[in-house]
Amino acid sequence: GEDVEQSLFLSVREGDSSVINCTYTDSSSTYLYWYKQEPGAGLQLLTYIFSNMDMKQDQRLTVLLNKKDKHLSLRIADTQTGDSAIYFCAESSNTGKLIFGQGTTLQVKP
Amino acid sequence: GAVVSQHPSRVICKSGTSVKIECRSLDFQATTMFWYRQFPKQSLMLMATSNEGSKATYEQGVEKDKFLINHASLTLSTLTVTSAHPEDSSFYICSAREDRPYEQYFGPGTRLTVT
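Chains as they are written, first to last, in my numbering: chain E, 27 to 136; chain H, 133 to 247.
Laid out in structure tokens, this is it:
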């Protein structure tokens, strides 16, 4: 069945780059997403990438997609303490149903 | 960006009572809304998909008689937890989507505690 895997924890220093990785199993996924969740809050859509793209850049965020290996990554440049949160990778098919990974807790140390 | 609201943000109820949670898309019409449940330090689990004017589609293992979903209009969906039990305590999050399938926006969540 569909499955999305992420590492659970990443710690970086303020100003460094963060790279959060994700693997998925459904090769028919049409869109892949990155969401951010702060404590006690809902999910904020950070960015998404269509499955026929390799890369998407949006200000400090860079998404890389390796469709052959079913690997997705999110790079945050110049990581700030305000970036500390849980980051969820998700895949979807045309129905819009999202399958989420377990979430990666990003800790940014000053 | 699109805004989705949920009400209430927190609710405490006694076992056996019913609780209704509202999800509203504030600045767009949502043809589809989704309801998720999230346990502490865990990922989101999709409970059901609701389309305006039709019955909700529930995921396997989700009791449709316990979690009643009504998508009455293009801007409002409600989730009613009936005969609540302590194990229903959780964080419930809704999301809403326009016709464009790649943009799905989430509400801030509702923390339900059943005593």
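Note that beta-carbon positions come from the ideal geometry of N, C-alpha and C, so glycine has one too.
In this text, all values refer to a predicted model and were calculated from it rather than measured experimentally.
Residues bridged to residue i (per DSSP)
i	result
Thr181/H	Phe166/H, Thr189/H
Val89/E	Lys82/E, Leu100/E
Thr210/H	Glu154/H, Asn202/H
Phe126/E	Ala116/E
Glu31/E	Thr49/E
Phe171/H	The partner list for Phe171/H (beta bridge, DSSP) is empty, contrary to what the question assumes.
Ser147/H	None; Ser147/H has no bridge partner.
Gln161/H	Looking at the DSSP assignment, Gln161/H forms no beta bridge with any residue, so it has no partner.
Ser222/H	Leu244/H
Residues near residue i by beta carbon distance below 8 Å, same chain, minus five either side
i	result
Ser221/H	Leu244, Thr245, Val246
Ser182/H	Thr164, Met165, Phe166, Trp167, Ala188, Thr189, Ile201, Asn202, His203, Ser209
Ser77/E	Ser55, Thr56, Tyr57, Leu58, Leu91, Lys93
Gly185/H	His203
Asp159/H	Ala134, Val135
6 Å CB neighbourhood of residue i in its chain, flanking five on each side removed
i	result
Gln161/H	Leu206
Leu58/E	Ile75, Leu98, Glu117
Gly241/H	Phe223, Ile225
Ile112/E	Gln63, Gly129, Thr131
Glu230/H	Phe160
Same chain, Cβ closer than 7 Å to residue i, neighbours up to 5 away in sequence not counted
i	result
Arg39/E	Lys135
Lys152/H	Thr210, Thr212
Ser37/E	Gln133, Lys135
Val30/E	Cys48, Tyr50, Cys115, Ala116, Glu117, Ile125, Phe126, Gly127
Ile102/E	Ser43, Ser44, Arg86, Leu87, Asp109
Interface partners of residue i on chain B, CB under 7 Å
i	result
Gly122/E	The chain inventory of the structure shown lacks chain B, comprising the protein chains E and H.
inquiry  = Quick check on the DSSP output: what are the complete beta strand (DSSP E) runs of length 3 or more inside the stretch 33-84 of chain E, in order along the chain?
reply    = The qualifying runs are 35-39, 44-50, 57-63, 69-76, 81-84.
query = Contact between the stretch 143-153 of chain H and the stretch 168-179 of chain H: three or more CB pairs below 8 Å?
reply = Because the criterion of three Cβ pairs below 8 Å is not met, the stretch 143-153 of chain H and the stretch 168-179 of chain H do not touch.
request  = Report the residues of the stretch 62-80 of chain E with a CB closer than 8 Å to any CB of chain H, ordered along the chain.
outcome  = Contact residues of the stretch 62-80 of chain E toward chain H are Gly66, Ala67, Gly68, Leu69, Gln70, Leu71, Tyr74, Phe76 (C-beta to C-beta distance below 8 Å).
query = Relative to chain H, which residues along the stretch 30-41 of chain E have a C-beta separation below 8 Å, given in chain order?
reply = Result list empty, no residue passes.
task = Take every Cβ of the stretch 212-219 of chain H, pair it with every Cβ of the stretch 115-132 of chain E, and state whether three or more of those distances are shorter than 8 Å.
result = Contact fails: fewer than three Cβ-Cβ distances are below 8 Å.
ask   = According to a CB-to-CB cut-off of less than 7 Å, which residues of the stretch 191-209 of chain H neighbour chain E?
value = Identification of residues in the stretch 191-209 of chain H having a C-beta nearer than 7 Å to some C-beta of chain E yields an empty set.
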